[in-house]
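What follows is a set of notes on a single structure, which appears directly below.
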Amino acid sequence: MSETISSRGLAIPDLLFAAFQMMFSIICVAILTGSVVERMRFTPLTIFVVFWLFLVYYPFAHMVWDEGLLAKWGTIDFAGGDVVHITSGVSALVLAIVVGKRRDFGILEHRPHNVPFVLLGAGLLWFGWFGFNAGSALAANGLAVHALVTTHVSAAAAMFSWLALEKYVTGHPSLVGGSTGLVAGLVAITPGAGFVSIWSAILIGAMVSPVCFYAISVLKKRFAYDDALDAFGCHGVGGIFGGLATAIFTTPDLALDKVNIGLIYGKAHLFIVTILAIIFTAIWSALVTYGIIKVIAHYMPLRVTDRDEAIGLDDCEHKETAYPTFMGLDS
Numbered sequence: 025m026s027e028t029i030s031s032r033g034l035a036i037p038d039l040l041f042a043a044f045q046m047m048f049s050i051i052c053v054a055i056l057t058g059s060v061v062e063r064m065r066f067t068p069l070t071i072f073v074v075f076w077l078f079l080v081y082y083p084f085a086h087m088v089w090d091e092g093l094l095a096k097w098g099t100i101d102f103a104g105g106d107v108v109h110i111t112s113g114v115s116a117l118v119l120a121i122v123v124g125k126r127r128d129f130g131i132l133e134h135r136p137h138n139v140p141f142v143l144l145g146a147g148l149l150w151f152g153w154f155g156f157n158a159g160s161a162l163a164a165n166g167l168a169v170h171a172l173v174t175t176h177v178s179a180a181a182a183m184f185s186w187l188a189l190e191k192y193v194t195g196h197p198s199l200v201g202g203s204t205g206l207v208a209g210l211v212a213i214t215p216g217a218g219f220v221s222i223w224s225a226i227l228i229g230a231m232v233s234p235v236c237f238y239a240i241s242v243l244k245k246r247f248a249y250d251d252a253l254d255a256f257g258c259h260g261v262g263g264i265f266g267g268l269a270t271a272i273f274t275t276p277d278l279a280l281d282k283v284n285i286g287l288i289y290g291k292a293h294l295f296i297v298t299i300l301a302i303i304f305t306a307i308w309s310a311l312v313t314y315g316i317i318k319v320i321a322h323y324m325p326l327r328v329t330d331r332d333e334a335i336g337l338d339d340c341e342h343k344e345t346a347y348p349t350f351m352g353l354d355s
């Protein structure tokens, strides 16, 4: 691999392209593993991640972003709505169901451990997402600038929408809710960041928050699955919504070709193939994830013991304490 020349005809060298692609794969890992925090053992989780990347993520990266099956269908995905968020979100749901609920799920209220850190993390995500989406133009050009702006306004609209909805439903807009909303907006705009107009990006952000809010606050309770960090409710559902929104709002001025334009511009082809691609992605991700985790479970336990779960995985799995007192009170 040359460090200065692109073998793919890109404006960036192969080494930079490879490094950029590695970022997407590790983000998927961060998303899907969030669904089973506080109860899954580190060794089977690590083994699962390796097989998941090779059997789910990498195939879809090639099927959508290269000349693979879904690309031949005509589906489009600017920065990973299908490749990243739907695959990891659906896989996270399956993983959470197979591993099972936390021992005190439904008994104790699980509240955020550190609200300022939630805001800090959301802010870092918001900033980092500019590289995620704008960087997918693979050049410092007008398309990158457009993707950056659509990303920004979608996140802002989603945050405002979530806070307004939270105020209406609970009477108390919260920092955690606003942070969740902005992430949902970032997820939803990802597949269409370089294809939709600025005004439609605002609509996408404003509309995704009620959808994800419903998935997290209603569906999760109704079906009683323990998705600890709402990977499915935010990323899976948000990614599906974003894919459909892309198929509706892709403008002819930014479309890859005249066939793949948004439904509101008079063409149904992109909308139809997007629905088929979402169904295909969800089924593949769910079945392969289930197969991988069940095979691993055949050879080793997936969960820590009840005692270790009560003590905490930092201590029992890694022999570390997040906040040591240094006063002999940590043992």
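Residue numbering for the sequence shown follows the numbering used here, starting at 25 and increasing by one per position. The beta-carbon is built from N, C-alpha and C at its ideal position, and this holds for glycine as well. Quantities reported herein were computed from a predicted structural model and do not represent experimental measurements.
Residue 223 counts as exposed, since fewer than 16 other beta carbons sit within 10 angstroms of its beta carbon. Here the C-alpha atom of residue 92 lies approximately 6 Å from the C-alpha atom of residue 86. Within the model, the alpha-carbon separation for residue 126 versus residue 253 is close to 12 Å. Taking the C-beta atoms as reference points, residue 216 is found nearer than 8 Å to residue 269. Rounded to whole angstroms, the Cβ separation of residue 131 and residue 267 is 36 Å, and the two are not in contact under 8 Å. Judged by beta-carbon spacing, residue 255 lies within the 8 Å limit of residue 112, meaning their Cβ atoms are closer than that value.
Secondary structure note for residue 273: its alpha helix (DSSP H) is the uninterrupted segment 261-273. For residue 346, the CB contacts under 8 Å within the same chain, skipping 5 residues up- and downstream, are 338 in chain order. Pairwise C-beta distances place the stretch 191-209 out of contact with the stretch 164-174, as fewer than three of them are shorter than 8 Å. DSSP places residue 126 outside both helix and strand once states are collapsed to three, so it counts as coil. Between residue 73 and residue 53, the C-beta gap is smaller than 8 Å, which places the two residues in contact.
A direct Cα-Cα distance of roughly 39 Å separates residue 275 from residue 250. The shortest C-alpha to C-alpha distance from residue 228 to any of 124, 291, 151, 186 is the one to 186.
Nearest in C-alpha terms to residue 139, of all of 60, 199, 245, is 199.
The C-beta of residue 170 has 16 or more other C-beta atoms within 10 Å across all chains shown, which makes the residue buried.
Secondary structure note for residue 231: its alpha helix (DSSP H) is the uninterrupted segment 222-238.
Linking residue 105 to residue 303 through their CA atoms gives a straight-line distance of about 13 Å.
Residue pairing for residue 327: DSSP places it in a beta bridge opposite 64. DSSP lists 129 as the bridge partner or partners of residue 132. Under the three-state reduction of DSSP output, residue 99 falls in the coil class, being neither helix nor strand.
Judged by DSSP in its simplified three-state form, residue 109 adopts helix. Assigned with DSSP and collapsed to three states, residue 90 falls in coil, not helix or strand.
In the DSSP assignment, residue 155 falls within the unbroken alpha helix (DSSP H) covering 139-158. Annotation: residue 297 to residue 311 spans about 21 Å, alpha carbon to alpha carbon.
DSSP places residue 289 in the helix class (H, G or I) of the three-state scheme. Taking a contact as a CB-CB distance under 8 Å, the pair residue 272 and residue 286 counts as one, their CB atoms being some 5 Å apart. Closest in alpha carbon position to residue 281, among 96, 68, 301, is 96. With contacts defined by Cβ atoms closer than 8 Å, residue 212 and residue 242 do not form a contacting pair.
In this structure, the beta-carbon distance from residue 262 to residue 117 does not fall below 8 Å.
Straight-line spacing of the CA atoms in residue 183 and residue 279 works out to 27 Å. Note that the stretch 314-325 does not touch the stretch 30-49; fewer than 3 beta-carbon pairs, one per stretch, sit closer than 8 Å. For residue 189, the CB contacts under 7 Å within the same chain, skipping 5 residues up- and downstream, are 233, 234, 237 in chain order.
Residue 337: member of the alpha helix (DSSP H) spanning 337-342, first to last residue.
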